[in-house]
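Just so you know, the sequences run in chain order A and B. Using the numbering used here, the first residue of the first sequence is number 1, and each one after it goes up by one. Using the numbering used here, the first residue of the second sequence is number 437, and each one after it goes up by one. C-beta: ideal position from N, C-alpha, C; glycine also. None of these values were measured; they are calculated from a predicted model. First comes the structure, then the notes that go with it.
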Amino acid sequence: MVVLIVAVQGAFQTRASIADTFDRVGKMQRAQIDLQEMLRLQINEEDSVRGYVLTKDPFYTQQYMLSALSWVAKEKAVHDAVVDEHLVDALRMLNQYDNVQNDWRREVALPLLEHPSRDVAALDKSSKLFIDFQARAADAVRNALVRTSVALSRSTQDQINRSSYVRAFWLLVFGLLAILFNAYGSRLTRELEEERTVTRALQQAFRSDHVPLPNCEVGSSYLSATGRLRVGGDVFDVFRLDGGKALIVIADVSGKGVDAAALTTFVRFTVRAIALRNEDPAAVLDEFNAAFADTVRDPSLFITMLVGILDCKAGSLTYASAGHDSAYLRRSSGVQALPVTGPLVGVMRAPYTSKTMILAAGDTIVLATDGLTEARTRSGDLLGEQGAMQWIASGPPGAQALADDIARRVRRRSGNRPNDDLALLVIRIGEPASEA
Amino acid sequence: MRHSILRTAAVAVLAILCSAAAIAACHVHPRERVVLFGVGDDPGVFLWDSRFRLRAYHSTSFDEAQALLPHALLLAAGTRAIVITCYRNDVQPKYSLSPEDAVEVRVLTGPQRGRTGWVIGGDIQVLATRR
C-alpha cells in the first residue's frame with residue numbers, strides 16, 4: 001500500500017513538474033514572438049518617420065505614435081518573461097535595446113518629426129548606427145530566449161524519459177507482485193480444495209448413521225468451526241449391541257486437522273470392539289485408556305469422552321465419563337448435568353466408575369462436545385453450562401428437532417462463525433412397548 | 437647584412453603565406469565584382485576607413501561605436517564594388533556566435549565611386565555574372 005501511495009504521489013509530482021516546464025517553454029516562445037513583433041514595430045516607426053518627412057502627412061505621425069506605444073507594450077511583455085526566468089544577460093541587453101530605441105526616438109525620430117525639412121541624409125548614418133545596435137541587442141535577447149527554450153525542452157524530455165523509466169519500473173514491480181500473489185492465491189485455493197475434499201470425506205465417515213433403536217428416538221447435528229473447514233476431533237457414535245441395548249459414545253480429541261480426525265476413527269472402532277466384549281462403560285474406558293496410551297505416544301494428545309450403554313427397553317442408561325462434562329439429561333422435572341466419573345483419557349491410568357440412571361418416557365439425553373458450552377458471542381461471552389441447560393430445557397421435544405434447535409442457536413450466537421466444532425447426539429426415550 | 441636580408445625575406449614569405457591563406461579561405465576573392473547590400477533592417481552599408489575600425493564597430497558599445505562614425509561612409513544599398521582583399525572570420529560581432537569576413541573593396545558606383553574601404557562579408561552579395 002505504501003509502495004502504491006509513493007508511486008501515485010511520484011506520478012503526480014512528475015506530472016506537475018512537466019506541466020510547469022511546458023508552461024515555461026510556452027512563455028519563452030511567446031517572448032520570442034513578442035521580440036519579433038518589437039522589431040516589426042521598430043521598422044514601422046522608422047517607415048512612419050520617413051513617410052512623414054517625404055509627404056508631411058500627419059497620418060504618419062499617428063502611425064509613429066501607435067507603433068511606439070505598441071513597441072513599449074511588447075517590450076514590457078518580453079521584460080516580464082526575461083525577469084521570470086532570471087535571464088540576467090538577456091535583461092541587460094533588453095534594457096540596452098530599450099535605451100537605444102529611446103535614443104533613436106530622441107535623436108533621430110523626434111527632430112525629423114518636428115523639422116521634416118531637415119536633411120534626411122545627414123541623419124542616415126546615425127540612424128543606421130541605431131538600427132545596427134537595436135538588431136544586435138534584439139539578437140542577444142533572442143539568443144538567450146532560444147537557449148532557455150532549448151534547455152527547458154531538453155529538461156522536459158528528460159523528465160518525460162525519467163517518468164517513463166519510473167513508470168516502467170513500477171509496472172514491473174506491480175506485475176511481479178500480481179504474478180506472485182496470483183501464484184500464492186492459486187496454491188492456497190488448491191490446498192484449501194484438497195483439504196475440503198479430505199475433510200468432507202472424513203466428516204462423512206465419522207458421523208454415525210442413525211441406527212434405529214427400539215423405543216428410542218435419535219437425533220444428531222454437527223457444526224464445523226472454521227471457514228477453512230479444518231476437521232476437528234469431535235465424534236459421536238451410536239452402535240447397537242445385543243439384547244436391545246446400544247452403545248452411545250461422544251468424544252472430543254484434542255487438536256485439529258487430519259491427525260485429530262484420524263484419531264477419532266481409532267476412538268470409534270476401538271470403543272466398539274471393546275464394548276462388544278464388555279458392556280460395562282467403566283471397563284470400556286479403562287481398556288480404551290490403556291490402548292490409547294499404548295498406541296498414541298504423544299503426551300500432548302488427550303480425549304474427553306463419555307461411553308454409555310443405553311437400554312431402551314428397560315429404560316436405563318449406564319455411563320462412564322472421562323472428563324466429558326457436556327452431557328445432560330432432560331426430564332420433566334428439569335435438566336441435570338451428568339457428572340464426570342473419571343479423568344481424561346490419555347492423561348493417567350486411573351479407574352473409572354460407571355453410573356446408572358433409570359429413564360422414564362420422554363426423558364432426553366443430550367450429549368455435546370465443548371462447542372456448546374464454549375459458544376461465544378461476538379463480544380466473547382461464553383454460553384456456559386447454565387446457558388446450555390436453559391437451551392435444552394426450552395428446546396422442542398423431538399430428538400432431531402432439539403439437536404437442530406441447539407445447533408441453530410449456537411450458529412446465531414456466534415454470528416454464523418462458531419469458534420469451535422460442535423457434535424451433538426440427542427436420544428429421547430419413548431413409551432415402552434407393551435409386551436405381547 | 438646577410439642575416440638581415442634572410443630575416444626580411446622570411447617575414448615577407450610568412451606574411452604572404454598568411455595573407456594567401458586568409459584570402460584563400462574567404463568566400464569572395466580579389467578582383468571579384470560584388471554588390472553591397474546590408475542584410476539587417478537598414479540595407480545601407482558602412483564603408484570603414486580601416487579594418488581595425490570595422491572590427492571595433494562590431495565589437496564595441498553603442499557610445500564608442502557612435503564615436504567611430506566619422507570614420508565611416510554610408511553607402512546606399514546596391515552600390516557596386518570590386519574586392520581588393522579579404523580576411524576570413526576577422527570580425528567577431530559582439531552578440532553573434534559566428535564571425536564575419538573583413539573585406540576591402542573599391543567602390544565602383546554612386547557618389548563615393550573610386551573610394552576604397554572595409555565592409556563585413558555579410559554586407560556583400562556576389563554578382564551572378566561573375567562566373
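Spatial neighbours of B:T545 within its chain, please: C-beta separation below 7 Å, excluding the five flanking residues on both sides. T515, R516, listed in sequence order.
Going along the chain, which unbroken runs of the beta strand (DSSP E) with 3 or more residues stay wholly within the stretch 381-414 of chain A? Correct list: empty.
Can you tell me which of the three DSSP states B:R467 falls into? Assignment of B:R467 by DSSP, reduced to helix, strand and coil, places it in the coil class.
Residues of its chain near A:I250, where Cβ-Cβ distance is below 6 Å and the 5 sequence neighbours each way are ignored: Closer than 6 Å at the Cβ level, and outside the excluded window around A:I250, lie F236, L306, L367, L425.
Closest Cα partner of A:G51 within the set A:Q42, A:L39, A:Y64: When each option's Cα is compared against that of A:G51, the closest is A:Y64.
How would you call A:K76, buried or exposed, if buried means at least 16 neighbouring beta carbons within 10 angstroms? By the neighbour-count rule (16 or more Cβ atoms within 10 Å), A:K76 is not buried but exposed.
Could you tell me which uninterrupted alpha helix (DSSP H) segments, each at least 4 residues in length, are contained entirely in the stretch 241-302 of chain A, listed from first to last along the chain? The stretch 241-302 of chain A contains these whole alpha helix (DSSP H) runs: 257-277, 281-295.
Whole-angstrom C-beta distance between B:V519 and B:H465, which should lie under 8 Å: Yes, they are in contact, since the Cβ atoms of B:H465 and B:V519 sit about 6 Å apart, within 8 Å.
State the beta-bridge partners of B:E500 as determined by DSSP. Bridge partners of B:E500: none, in fact.
Quick check: is the beta carbon of B:A501 nearer than 8 Å to any beta carbon in chain A? In terms of beta-carbon proximity, B:A501 lines the interface with chain A, with at least one pair separated by less than 8 Å.
Do A:I43 and A:I160 count as a contact pair if the criterion is CB distance below 8 Å? No, the Cβ-Cβ distance between A:I160 and A:I43 is not below 8 Å.
Find the residues of chain B that neighbour A:F133, judging by a C-beta separation of less than 8 Å, and give them in chain order. Correct list: F498, A501.
Can you give me, in chain order, the residues of the stretch 134-162 of chain A that have a beta carbon less than 8 Å from any beta carbon in chain B? Considering only beta carbons, the part of the stretch 134-162 of chain A lying closer than 8 Å to chain B consists of Q134, A135, R136, A137, D139, A140, N143, in chain order.
Identify the contact partners of B:S532 in chain A, using a Cβ-Cβ distance below 7 Å as the criterion. Within chain A, D139 have C-beta atoms less than 7 Å from the C-beta of B:S532, given in sequence order.
Just how far apart, CA to CA, sit A:Q29 and A:L145? When rounded, the distance between both Cα atoms is 8 Å.
Taking 6 Å as the limit between beta carbons, can you name the residues of its chain near A:S163, skipping five residues before and five after? The beta carbon of A:S163 lies closer than 6 Å to those of T14 in the same chain, with the five residues before and after it left out.
In its own chain, which residues sit with a C-beta less than 8 Å from the C-beta of A:L87, not counting the 5 before and 5 after it? Contacts found: A144, L145, T148.
Give me the chain B residues within the contact set of A:S127, using Cβ-Cβ distance strictly less than 8 Å, ordered along the chain. Within chain B, the residues whose beta carbon sits less than 8 Å from that of A:S127 are D478, listed in sequence order.
Which chain A residues are close to B:P529, counting only those with a beta carbon under 8 Å from its beta carbon? What B:P529 touches in chain A: R136.
I believe B:Y523 touches B:R469 by the beta-carbon criterion, under 8 Å. Please report the beta-carbon distance rounded to the nearest angstrom. Between B:R469 and B:Y523 the Cβ distance is about 19 Å, and since that is not below 8 Å, they are no contact.
Check whether the stretch 488-496 of chain B touches the stretch 526-538 of chain B, counting contact only when three or more Cβ pairs, one atom from each stretch, lie closer than 8 Å. The answer is yes - the stretch 526-538 of chain B touches the stretch 488-496 of chain B, with three or more Cβ pairs under 8 Å.
Given this structure, state the Cα-to-Cα distance separating B:R549 from B:R542, to the nearest angstrom. Within the model, the alpha-carbon separation for B:R549 versus B:R542 is close to 8 Å.
Between the alpha carbons of A:V271 and A:C312, how many angstroms are there, rounded? In a straight line, the C-alpha of A:V271 is about 20 Å away from that of A:C312.
Since A:I427 and A:L310 should fall inside the 8 Å C-beta cutoff, what is the C-beta to C-beta distance between them, to a whole number of angstroms? Confirmed, Cβ separation roughly 7 Å.
For B:E540, which residues does DSSP report across the bridge? Partner(s): B:T521, B:W554.
Quick check on this structure: which residue in B:G553, B:F482, B:Q502 has the alpha carbon closest to the alpha carbon of B:T521? Nearest of B:G553, B:F482, B:Q502 to B:T521, Cα basis: B:G553.
N- and C-terminal bounds of the alpha helix (DSSP H) containing A:V72: 58-84 is the span of the alpha helix (DSSP H), which, as asked, contains A:V72.
Where the alpha helix (DSSP H) through B:F488 begins and ends: Taken as a continuous stretch (DSSP letters only), the alpha helix (DSSP H) holding B:F488 covers 487-495.
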